[in-house]
Amino acid sequence: MRAREAILEAVRRNIPGPAVALPPLPAEGVHQLGTNIGFSEHLTNLPEVTRHESASLSSHFSRQLEAMGGRRLDVADAAGARPKIAERFPAATVVCSAVPEVPGTRRVEHVRNPHELADVDVGVVRSRLGVAEAGAVWLTQDDLVVNALGVLAQHLVVLLDPTEIVATMHDAYARLDVAASPYGVFMAGPSATGDIEGVIIHGAQGARTLTVLFCAPAPAMPSTTSSS
Amino acid sequence: MMRPVDPEARAAHFIGREEHESTHDRVVWGMRQHRDKAVAGVPEWEQLRELASQIKEHTLTHLDRYLEQFEENATRLGTQVHWARDPEEHNTVVHEILAAHGVRSLIKSKSMLQEECGMTPFLEERGIAVTESDLGDRIQQLSHEPPSHIVVPAIHKLRTDVAHLFAREIGSNPDDTDPHYLTEAMRGNARPRFLAADAAMTGANFAVAETGGFVVCTNEGNADIGASVPPLHIASIGIEKLIPRAGDLGVFIRMLSRSALGTAITQYTSHFHGPRRGGELHVVLVDHTRSERLGSPDFWHVLKCIRCGACMNTCPVYRRSGGLSYGATYSGPIGVILDPGFDLEKYRELPFHSSLCGSCTEVCPVKIDISDQIYKWRRVVAAKGMLPLTKRVGMNALGATLARPKMFHAAESAAEVALAHLPRFALYNALNPWGKQRELPGVPRQTFRQWYLEHRAKSGKP
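First to last, the protein sequences are chains A and B. Residues are numbered in our numbering as their position in the first sequence, beginning at 1, plus a constant of 21. Residues are numbered in our numbering as their position in the second sequence, beginning at 1, plus a constant of 237.
Structure below.
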């Protein structure tokens with residue numbers, strides 16, 4: 022505890038003045054949505070800024086997700102999720118699912134150790150919140166069950182109810198209790214890097230692709246399932 | 238007296254390799270242009286900057302309170318909180334935790350603080366294998382070099398450099414210089430290491446006092462792999478990383494990646510509140526000169542920095558000379574004002590590695606007066622009698638000349654004649670650093686004063 026007391030004492034002794042007041046946070050839902058820019062193929066290739074002021078939140082979300090290297094697909098209802106995933110990833114052998122709509126070949130609830138996820142081709146989870154300006158989905162330990170599913174799966178499919186999209190990060194934090202789960206991540210597109218000469222590459226360390234399936238939860242669906 | 242880092246000599250080495258310089262300039266400036274476009278997409282950008290600055294200033298003027306609040310809330314969530322005054326204490330605390338768990342291999346994601354502390358060599362000397370998980374950091378680790386940029390650590394290297402390095406170190410094809418191939422080669426090499434690691438270390442971009450959690454931003458998801466696969470996660474957090482409320486994250490997350498790379502957000506913005514299921518979480522709160530800096534009226538504002546790198550990307554000196562020319566943990570304008578605070582003797586030349594153009598101050602998302610601080614560090618260096626001899630002699634002569642108008646006009650006219658007629662060897666030699674690796678500008682037909690006297694002074698109009 023010597024270090025703790027010494028640091029706090031030094032901070033108190035050196036604290037600058039005058040004290041600055043804590044400003045109020047921006048109010049929810051009052052922000053304009055400009056079009057933002059995601060990673061393109063090279064950091065020096067500059068896309069034009071085009072404004073889409075009247076766009077809906079879901080279309081803005083989709084455009085931004087694509088700019089970040091992700092992809093949005095639509096299905097008519099929850100029952101359509103399973104065939105859509107099969108169609109997009111025909112070669113997948115291990116599909117690890119955390120959602121009742123998609124049985125998968127492995128239930129994440131049965132995974133005891135994150136290392137068991139090293140061979141997963143496709144992970145399937147549901148996000149309860151999307152952010153339009155960032156093209157991001159919010160995933161927690163409650164959604165992923167085993168956090169490593171989000172980053173060890175070669176491809177990640179995220180189900181999202183398009184009515185659960187907010188405009189900006191301010192709105193997202195206003196709605197969230199970030200401390201409710203030990204882990205929570207805004208994921209905007211797949212893993213990416215520009216570390217070699219600024220060339221943008223998707224699939225650096227985590228998921229190679231991120232697909233967001235617009236799909237409301239099935240109304241009568243039980244919250245957990247044991248089918249596999 | 239310790240030999241100071243010589244940024245000029247180091248820059249000359251980088252500039253000597255022309256393709257490196259031009260590619261570096263192009264790519265780094267590209268990030269700045271992306272930043273401008275991203276900022277143009279947020280109409281309230283200037284309000285956000287002001288808000289971000291106020292939140293940081295509020296936190297720093299109440300820092301003791303927020304540190305205690307963070308500790309209390311983090312502890313309540315099951316996070317084990319440690320404190321370290323300096324790099325040695327930090328490294329010792331980390332090693333004790335790792336040793337207690339019998340850790341033999343560690344994966345780490347980017348942490349400038351751990352760089353400050355020299356943590357990797359410390360742990361390696363004690364038998365712990367450390368693997369950098371960020372691609373750029375891994376390139377730098379294999380090259381035995383520090384990061385040259387705080388966001389893109391290997392941006393000074395060409396793809397051919399990386400191809401040769403990977404061929405030697407991980408057995409990839411030396412003739413395949415495609416960055417896609419190289420990234421894939423490292424993915425294949427790194428995965429087994431991630432899966433075999435006993436522990437993970439990360440830094441933190443923000444620590445939230447009211448919740449006791451912290452946030453790590455990456456584009457590769459490498460911090461998330463570390464935090465989710467091995468059972469032990471240790472995060473090193475500088476005490477200036479505190480913010481009061483979770484809601485403040487909305488302000489900072491909106492600005493961080495837009496300022497850094499021009500994307501709306503990093504691909505992964507990860508929040509850690511207590512240990513995950515089946516895991517153990519430790520936080521080390523590190524001072525290392527930060528509390529001392531807090532007491533400096535001229536320099537405490539640098540503690541607002543969120544490490545976006547926008548000042549580096551816009552800096553004409555950084556872009557042309559490369560990050561390694563600073564010979565320090567932090568490079569670019571932010572390095573110029575951070576590094577002398579760690580060791581003034583060693584980094585006394587850095588405040589002169591700047592043109593004082595002020596562009597850094599303009600792009601800073603938290604409104605740090607970077608260029609003013611660079612100038613103030615020059616005054617500190619001069620006041621301590623640390624100016625190198627060439628600058629002292631030159632400055633004294635310049636001071637004397639500028640103080641006497643007649644002498645100045647005479648010198649100006651003489652220079653005009655000299656520049657126009659001197660042979661090359663007299664201009665481009667060791668005594669004139671302005672003639673190194675660049676051509677001196679052409680001489681105008683007349684000085685401004687001559688032009689003024691001819692055109693304006695006669696008519697009486699100012």
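Beta carbons are placed, not taken as given, at the ideal position from N, Cα and C, and that holds for glycine.
Is there at least one Cβ from chain A nearer than 8 Å to Ser465 (chain B)'s Cβ? Cβ-Cβ to chain A under 8 Å: yes for Ser465 (chain B).
Counting contacts by CB-CB distance shorter than 8 Å, is His257 (chain B) in contact with chain A? no
For the candidate residues A:Gln162, A:Ala102, A:Val120, whose alpha-carbon lies nearest to that of Ala515 (chain B)? The residue asked about is misnamed: residue 515 (chain B) is Gly in this sequence, not Ala. That would be A:Gln162, whose Cα lies nearest to the Cα of Gly515 (chain B).
For Pro124 (chain A) and Ser248 (chain A), the rounded distance between their alpha carbons: Note that Ser248 (chain A) has pLDDT 42, beneath the 50 cutoff, so the model's placement of it is unreliable and the number below is only indicative. Their Cα atoms are separated by approximately 6 Å.
Note the first and the last residue of the continuous beta strand (DSSP E) segment covering Thr551 (chain B). It is not in any beta strand (DSSP E) - Thr551 (chain B) instead sits in the alpha helix (DSSP H) that spans 547–551.
Taking the alpha helix (DSSP H) that Ala400 (chain B) falls in, what are its first and last residues? Per DSSP, Ala400 (chain B) is one residue of the alpha helix (DSSP H) stretching across 396–407.
Short CB-CB distance (under 8 Å) between Ala102 (chain A) and chain B: no
In the structure shown, what three-state DSSP assignment does His590 (chain B) receive? It is coil, neither helix nor strand.
Per DSSP, what are the beta-bridge partners of Gln317 (chain B) in this structure? B:His519
Could you have a look at Glu582 (chain B) and say whether DSSP puts it in helix, strand or coil? Here DSSP, grouped into helix, strand and coil, assigns Glu582 (chain B) to coil.
Where Ala436 (chain B) and His470 (chain B) are concerned, what is the direct C-alpha to C-alpha distance, given to the nearest angstrom? 6 Å
8 Å Cβ cutoff met for Asn456 (chain B) and Ala213 (chain A): yes
Can you give the beta carbon distance from Ser290 (chain B) to Val603 (chain B), rounded, assuming they're within the 8 Å contact cut? 5 Å
Whole-number beta carbon distance between Val331 (chain B) and Ile522 (chain B), since they are thought to touch under 8 Å: Per the sequence shown, residue 522 (chain B) should be read as Leu rather than Ile. Actually they are not in contact, since the Cβ atoms of Leu522 (chain B) and Val331 (chain B) sit about 12 Å apart, beyond 8 Å.
Any 3 or more C-beta pairs closer than 8 Å across the region 592–611 of chain B and the region 566–578 of chain B: Taking one beta carbon from each stretch, the region 592–611 of chain B and the region 566–578 of chain B have 3 or more pairs nearer than 8 Å; the two touch.
According to the Cβ coordinates, are Pro481 (chain B) and Thr296 (chain B) closer than 8 Å? yes
Alpha carbon to alpha carbon, how far is Ile365 (chain B) from Ser346 (chain B)? 16 Å
Could you name the residues of the same chain whose beta carbon sits closer than 6 Å to that of Ser700 (chain B), not counting the 5 residues immediately before and after it, in chain order? Here chain B comprises residues numbered 238 to 699, so residue 700 (chain B) is not present and cannot be evaluated.
Please list, in chain order, the chain B residues whose beta carbon lies closer than 7 Å to that of Gln162 (chain A). Arg513, Arg514
Assess, as a yes-or-no matter, whether the region 262–276 of chain B is touched by the region 617–631 of chain B under the definition of 3 or more beta carbon pairs within less than 8 Å. They do not touch, by the three-pair rule.
Could you tell me the alpha carbon to alpha carbon distance between Asp371 (chain B) and Lys293 (chain B), rounded to whole angstroms? 28 Å
Between B:Glu287, B:Asp243, B:Gly267, B:Ala433, which lies nearest to Arg556 (chain B) when the distance is taken from Cα to Cα? B:Gly267
Residues of chain B with CB closer than 8 Å to the CB of Gly125 (chain A), please, in chain order. Going along chain B, no residue has its Cβ under 8 Å from Gly125 (chain A), so there is no contact; the nearest lies around 19 Å.
Let me check understanding here. Comparing Cα to Cα, which of B:Cys594, B:Cys597, B:Gly569 lies closest to Leu587 (chain B)? Comparing Cα-Cα distances from Leu587 (chain B) to each of B:Cys594, B:Cys597, B:Gly569, the minimum goes to B:Gly569.
Chain B partners of Asp140 (chain A), CB-CB under 9 Å? Per Cβ cutoff of 9 Å: no residues; Asp140 (chain A) is ~11 Å from chain B at best.
From this set, A:Leu86, A:Asp142, A:Gln85, A:Pro47, which residue's C-alpha is nearest Phe110 (chain A)'s C-alpha? A:Asp142
Fully enclosed by the region 440–504 of chain B, which alpha helix (DSSP H) runs are 4 residues long or longer? 459–465, 485–497
Closer than 7 Å by beta-carbon distance: list the chain A residues that pair up with Ile490 (chain B), in chain order. Met190
State the DSSP-derived secondary structure class of Leu231 (chain A), mapped to helix, strand or coil. strand
Output, in chain order, the set of chain A residues within a Cβ distance shorter than 7 Å of Glu517 (chain B). Among the residues of chain A, none has a CB under 7 Å from the CB of Glu517 (chain B); the nearest is roughly 11 Å distant.
Leaving aside the five residues before and after Gln175 (chain A) along the sequence, list all residues of the same chain whose C-beta is less than 6 Å from its C-beta, in chain order. Asp142, Arg229
Quick one: does His136 (chain A) have its CB under 8 Å from some CB of chain C? Here chain C cannot be found, since the structure's protein chains are A and B.
Unbroken alpha helix (DSSP H) runs of length 4 or more, entirely within the region 120–199 of chain A: which are they? You should have 162–165, 170–173, 190–196.
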